[in-house]
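Contents: one structure, followed by commentary.
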Amino acid sequence: MTTTFRVALIPGDGVGPEVVAGAVSVLEAAGRRFGFGFEWTELVVGGAGIDAYGIACRPEDVEACRQADAILLGAVGGPRWDNPDATVRPEQALFALRGGLGLYANLRPITVHRQLIGASPLKPELLEGVDCLIVRELTSGLYFGKPSEQRTTDEGRAAIDTLWYTEAEIRRIVTLAFELARSRRRKVTQVDKANVLATSRLWRKVTDEVHADFPDVELEHRLVDSAAMTLARWPSGFDVLVTENLFGDILSDEAAVIAGSLGMLPSASIGTRETGYGRHGLYEPIHGSAPDIAGQDVANPLGTILSAAMLLRWSLGCEDAAVAIEAAVDEALDAGYRTRDLLPGDSGDQAALALVGTKEMARVIGDRIAI
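All residue numbers for the sequence shown refer to our numbering, where the first residue is 69 and numbers rise by one.
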């Protein structure tokens with residue numbers, strides 16, 4: 069009997085619907101090869117949700133995601149909804165999903181495909197051996213702390229955001245980082261600003277306590293400014309980086325430059341809940357909605373397709389299919405297929421490459437899975 073997985077689709081805004089459509093076609097190709105199917109539930113969330121319902125994410129959308137085996141997200145947001153005085157914003161959908169589903173950990177693998185070394189701004193010698201995993205706490209910190217508001221005072225306008233972490237929140241994300249490091253190169257770098265912030269000093273204390281349960285894993289503490297500099301100068305020195313919400317958001321976007329394009333990198337947001345197949349999670353590329361290129365069939369779908377591979381691995385227990393998707397991406401790059409963000413700067417190096425759009429890139433990957 070064929071297994072049918074329930075997956076919630078959130079195409080979102082901008083290029084989101086295009087890259088999600090590409091990933092769906094690849095997932096269906098993997099299903100045909102490995103003998104499983106999908107029941108898709110498409111949700112209108114983000115800026116599209118504001119336009120349709122006046123809210124970025126409805127309670128019933130969160131519940132539909134809860135009932136699914138996994139969630140695949142394109143992107144949310146765009147200049148149409150960028151009014152700083154607005155009380156409803158597309159990004160509120162992400163907070164609703166993360167908080168409502170208990171998705172406390174964001175996993176962002178940073179690797180460099182050998183075929184794309186020329187697309188990275190870093191010197192080729194700095195890209196040897198780059199294989200790190202950023203583990204970002206996702207449901208607390210500055211983005212969730214209260215109060216968070218603008219006020220009017222006797223001296224004019226003022227604004228306040230609250231940076232808050234509990235011991236339990238830190239402990240669970242750090243424990244996950246150590247567990248993941250055990251299956252990698254056994255090194256954890258905890259990133260903070262402990263010379264300034266009380267929350268960071270608590271992060272260090274709790275991380276040291278958790279480390280006692282993982283004596284086989286090396287631990288280093290690093291200030292966020294030092295970590296940012298080292299990511300640009302010696303990225304291969306990192307294995308697993310674990311950090312709080314704001315720092316993880318910034319560092320993972322910096323690390324995307326290493327790979328040559330924001331369009332290449334996948335991510336998973338997971339919690340503790342187990343389904344019948346794996347760990348419940350939400351999967352998305354790390355790039356934004358890129359409204360300037362929406363509808364032009366030029367967006368890079370590879371980050372979304374690789375996110376779909378993570379979905380298969382983490383939430384659906386389909387390791388063989390995940391590996392097949394990742395291999396097909398490598399084969400397509402080997403064959404010279406490139407979306408325009410992946411072209412090297414030297415026009416002479418572009419001669420042997422095939423410039424393709426979003427749909428065609430997804431097609432050539434799906435064809436390689438079907439073989």
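No residue lacks a Cβ here, since even glycine has one placed at the ideal position from N, Cα and C. Everything numeric in this text was worked out from a predicted model, so none of it was measured.
Inter-residue CB distance, V441 and A226 (contact presumed, cutoff 8 angstroms): Any answer about residue 441 is impossible in this case: the structure gives the chain only from 69 up to 439.
Quick one: any contact between the region 377 to 389 and the region 329 to 339, if contact means 3 or more CB pairs under 8 angstroms? yes
Do you know how far the Cα of K191 is from the Cα of A138? Here residue 138 corresponds to residue number 70 of the sequence shown, with the count starting at 1. Here residue 191 corresponds to residue number 123 of the sequence shown, with the count starting at 1. Rounded to whole angstroms, A138 to K191 spans 38 angstroms at the Cα level.
Is there contact between the region 147 to 165 and the region 94 to 104, where contact requires at least three CB pairs shorter than 8 angstroms? no
Are three or more beta carbon pairs between the region 389 to 399 and the region 78 to 85 nearer than 8 angstroms? no
Can you give me the start and stop residues for the beta strand (DSSP E) that H279 sits inside? On the sequence shown, position 211 is the one that residue 279 refers to. From DSSP, H279 is part of no beta strand (DSSP E) but of the alpha helix (DSSP H) over A266 to H279.
Please work out which residues of its chain come closer than 6 angstroms, Cβ to Cβ, to Y21, disregarding the five sequence neighbours upstream and downstream, and give them in chain order. Nothing about residue 21 can be reported from this structure: the residues present for the chain run from 69 to 439 only.
Roughly how far, in whole angstroms, is the beta-carbon of L314 from the beta-carbon of I202, given that I think they are within contact range, below 8 angstroms? Here residue 314 refers to the residue found at position 246 of the sequence shown. Here residue 202 refers to the residue found at position 134 of the sequence shown. Between I202 and L314 the Cβ distance is about 13 angstroms, and since that is not below 8 angstroms, they are no contact.
Mark N263 as exposed unless 16 or more other C-beta atoms lie within 10 angstroms of its C-beta, in which case mark it buried. The residue given as residue 263 occupies position 195 in the sequence shown. It counts as exposed.
Cβ-Cβ distance between L244 and A323 below 8 angstroms: What you label residue 244 is simply residue 176 of the sequence shown in a count that begins at 1. What you label residue 323 is simply residue 255 of the sequence shown in a count that begins at 1. Result no, Cβ atoms of L244 and A323 do not sit closer than 8 angstroms.
Restricting to Cα atoms, I'd like to know which of Y405, P412 and D409 is closest to A430. Locating residue 430 in the sequence shown gives position 362, where the first residue counts as 1. Per the Cα distances, Y405.
Return the chain-ordered list of same chain residues with a C-beta closer than 7 angstroms to the C-beta of L210, the five sequence neighbours on each side being excluded. In the sequence shown, counting from the first residue as 1, residue 210 sits at position 142. Closer than 7 angstroms at Cβ, skipping near neighbours: D229, L231, N313 and L314.
For a minimum of 3 consecutive residues, which ranges assigned as the beta strand (DSSP E) are wholly contained in the region 131 to 196? 138 to 143 and 173 to 179
Distance, L270 Cα to I433 Cα: One-based indexing of the sequence shown puts residue 433 at position 365. One-based indexing of the sequence shown puts residue 270 at position 202. The alpha-carbon atoms of I433 and L270 are separated by roughly 45 angstroms.
Please report how far the alpha carbon of L319 lies from the alpha carbon of T220, in whole angstroms. Here residue 319 is taken as the residue at index 251 of the sequence shown, counted from 1. Here residue 220 is taken as the residue at index 152 of the sequence shown, counted from 1. Taking the straight line joining both Cα atoms gives about 33 angstroms.
Could you tell me the boundaries of the alpha helix (DSSP H) in which R101 lies? Within the sequence shown, residue 101 is the residue found at index 33, counting from 1. Where R101 is concerned, the enclosing alpha helix (DSSP H) stretches over G84 to F102.
Residue from T234, G84, V278 and V285 with nearest C-alpha to R252: One-based indexing of the sequence shown puts residue 252 at position 184. Of the candidates T234, G84, V278 and V285, the one whose C-alpha sits nearest the C-alpha of R252 is V285.
Starting from G224, follow the beta strand (DSSP E) in both directions and report where the run begins and ends. Reading the sequence shown from its first residue, position 156 is the one you call residue 224. Residues G224 to I228.
Between which two residues does the alpha helix (DSSP H) carrying Y121 extend? Translated into the one-based positions of the sequence shown, residue 121 becomes position 53. Its alpha helix (DSSP H) spans residues G115 to Y121.
Judging by CA-CA distance, which residue of A266, L287 and G168 is the nearest neighbour of T275? To locate residue 275, count along the sequence shown from 1; it is residue 207. For T275, the nearest C-alpha among the options comes from L287.
With DSSP as the reference, please indicate the residues paired to W302 in a beta bridge. Position 234 of the sequence shown, counting from 1, holds the residue named residue 302. Its beta-bridge partners do not exist; DSSP assigns none.
C-beta contact flag for S329 and L423 at 8 angstroms: If you number the sequence shown from 1, residue 329 lands on position 261. If you number the sequence shown from 1, residue 423 lands on position 355. Not a contact, by the Cβ cut-off of 8 angstroms.
Could you tell me which uninterrupted beta strand (DSSP E) segments, each at least 3 residues in length, are contained entirely in the region 301 to 334, listed from first to last along the chain? 308 to 311
Sort out for me which residues DSSP pairs P412 with in a bridge. Taking the sequence shown and counting its residues from 1, the one referred to as residue 412 is at position 344. None, per the DSSP bridge assignment.
Would you call the CB atoms of G114 and V87 closer than 8 angstroms? Here residue 114 is taken as the residue at index 46 of the sequence shown, counted from 1. Here residue 87 is taken as the residue at index 19 of the sequence shown, counted from 1. No, these two residues do not count as a Cβ contact at 8 angstroms.
For a test of the three-state rule: what should DSSP assign to G349, helix, strand or coil? Here residue 349 refers to the residue found at position 281 of the sequence shown. Looking at G349 - three-state DSSP - the assignment turns out to be strand.
Ignoring anything shorter than 4 residues, give me the alpha helix (DSSP H) runs that lie fully in the region 347 to 386, in order along the chain. 370 to 382
Note down the Cα distance separating D435 from V278, rounded to an integer number of angstroms. Translated into the one-based positions of the sequence shown, residue 435 becomes position 367. Translated into the one-based positions of the sequence shown, residue 278 becomes position 210. Going from the Cα of D435 to the Cα of V278 covers about 46 angstroms.
Outcome for W149 when other beta-carbon atoms lying within 10 angstroms are tallied against a minimum of 16: Here residue 149 corresponds to residue number 81 of the sequence shown, with the count starting at 1. Under this definition W149 is a buried residue.
When you compare the CB positions of D307 and C133, do they come within less than 8 angstroms of one another, or not? Within the sequence shown, residue 307 is the residue found at index 239, counting from 1. Within the sequence shown, residue 133 is the residue found at index 65, counting from 1. Contact: no.
Contact set for D129: own chain, Cβ-Cβ below 6 angstroms, skip 5 residues either direction: Reading the sequence shown from its first residue, position 61 is the one you call residue 129. Contacts found: L111 and V113.
Is it true that the CB of A91 sits closer than 8 angstroms to the CB of P369? As a position in the sequence shown, residue 369 is number 301, starting the count at 1. As a position in the sequence shown, residue 91 is number 23, starting the count at 1. Closer than 8 angstroms, so yes.
Nonlocal neighbours in the same chain, by C-beta distance under 7 angstroms from G371, ignoring five residues either side: Taking the sequence shown and counting its residues from 1, the one referred to as residue 371 is at position 303. Closer than 7 angstroms at the Cβ level, and outside the excluded window around G371, lie G331, M332, L333, P334, P353, I354 and H355.
Any idea which residues DSSP pairs W108 with across the strands? Mapped onto the sequence shown, residue 108 falls at position 40. DSSP output for W108 lists V75 as bridge partner(s).
So, under 8 angstroms CB-CB, K261 and L299 are touching, yes? Tell me the CB distance rounded to an integer number of Å. The residue labelled residue 261 in the question sits at position 193 within the sequence shown. The residue labelled residue 299 in the question sits at position 231 within the sequence shown. 16 angstroms between Cβ atoms; not a contact.
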